[in-house]
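Participant: Questions regarding the structure given below will be posed in turn.
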Amino acid sequence: MADAPSVQRTLVLVKPDGVSRGLVGEVLRRIEAKGYTLAAVELRTADRAIFEQHYAEHLGKAWLPALIEFMTSGPLVAVVAEGHKVIEGFRSLAGATDPTAAAPGTIRGDLARDWGTSAIQNIVHGSDSPESAAREIALWFPHL
Ligand code: IDP
Ligand code: MG
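Going left to right, the sequence shown walks through residues 1 to 144 as the working numbering numbers them.
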């Protein structure tokens, strides 16, 4: 039997590559077209400190400094999307981490590619579990 409907929230980031390429509207369009709603949307330039927390699970990875450099290189759009099963649903919309391998039809598969940079530029971030979503929403939108 399907789970009873309950409102879930996830943190989405339109990364600096998505903003600089003019894809904010396209990402928000796909979230809304899927049937999720927007609980918060904010353009901001984030600093290193927030990413040391946001990407705490990746501490020690060789590519983390390059990733933080990329994520702080320009404005991004922080979004809270809402709906039943939105955490899994947005990950499905986003597609695989590697944009070369990401399936056509997904945000990363349709809109991103490998540019040969040391951090993978793949347009969006989406929380990967209820625990990550709660932690990330508290970090980016402490007032929500
Ligand atoms: P996810 O964003 O699909 O959840 P994670 O494994 O959590 O992927 O990695 C976080 C982000 O770090 C990715 O979206 C990508 O931008 C970057 N990244 C992941 N793996 C690599 C790598 O091997 N080299 C460079 N950057 C990477
Ligand atoms: Mg992740």
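The C-beta atom is built at its ideal place from N, Cα and C for all residues, glycine as well. In this text, all values refer to a predicted model and were calculated from it rather than measured experimentally.
#1: For HIS149 and PRO65, I'd like the C-alpha separation in whole angstroms.
#2: Output needed for ARG29: all residues of its chain with C-beta closer than 6 Å, excluding positions within five of it in sequence on either side, in chain order.
#3: Residues bridged to GLY25 by DSSP?
#4: Is any heavy atom in the ligand MG found nearer than 7 Å to the beta carbon of ASP145?
#5: Taking 8 Å as the CB-CB limit, is ALA81 close to chain B?
#6: Just confirm the distance between the C-beta atoms of LEU23 and ILE31, as a whole number of angstroms; I'd bet it's less than 8 Å.
#7: List, from N- to C-terminal side, the beta strand (DSSP E) runs of 3 residues or more that fit wholly inside the stretch 96-124.
Facilitator: From the atom records:
#1: Nothing in the structure corresponds to residue 149, since the chain is present only between 1 and 144.
#2: none
#3: GLY25 pairs with nothing; no bridge assigned.
#4: No statement about residue 145 is possible, as the shown extent of the chain runs from 1 to 144 and does not include it.
#5: Although the question refers to chain B, the structure presented lacks it and comprises just one protein chain.
#6: Wrong, their Cβ atoms sit about 12 Å apart, outside the cutoff.
#7: none
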